[in-house]
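If you're matching positions, the sequence shown starts at 1 in the UniProt record's numbering and goes up one per residue. Cβ atoms here follow ideal geometry from the backbone N, Cα and C, with glycine treated the same way. Model, not experiment: these values are computed from the prediction. Here the structure comes first, spelled out in structure tokens, and everything after it is commentary.
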Amino acid sequence: MKGEQSGVKSSPENTVKGMRQQIDPTGRKLFQPFECVTSSQILSLFSRMSALHNGGTLKPPSPGMVLVDDINEYLYGITEQKLEQQEVQNLLTTLEPIRDVQTPVSWI
1 MKGEQSGVKS SPENTVKGMR QQIDPTGRKL FQPFECVTSS QILSLFSRMS ALHNGGTLKP
61 PSPGMVLVDD INEYLYGITE QKLEQQEVQN LLTTLEPIRD VQTPVSWI
């Protein structure tokens, strides 16, 4: 990773900005707005990766192994989870009382 190579850590805020500014070879944004995460989520990811690295569980990437894919998969999972939570929240806030269609409205 860039910080490991240079010795200079990237702040979570700069990482979030970088994600939002990344473009693919065709000039399109690499991350859609719903795929971007917050700086606190990045901080959590960095903390987890550091703990795994220091504990010997996270191995340095070997040639051909792309750690970026693992990070993207982790970030995608966070995003999916957040979207599901938002969907549930939207459903809960838009629910209307269930009425028996057999009961005349005047009885309600």
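Backbone CA spacing between Y76 and Q41 [nearest angstrom]: 12 Å
K17, DSSP secondary structure in three states: helix
Run of the alpha helix (DSSP H) containing S40, from where it starts to where it stops: 39-54
Length of the line joining the Cα atoms of I23 and Q32: 10 Å
Nearest residue (CA-CA) to T79, options F34, G7, P12: F34
Same chain, Cβ closer than 6 Å to R20, neighbours up to 5 away in sequence not counted: Contacts found: C36.
T15 versus L92 - alpha carbon distance: 33 Å
Three-state secondary structure assigned by DSSP to K9: Three-state result, K9: coil.
Counted within 10 angstroms of its Cβ, other Cβ atoms place P12 as buried (16 or more) or exposed: buried
Per DSSP, the bridge partner or partners of K29: I23
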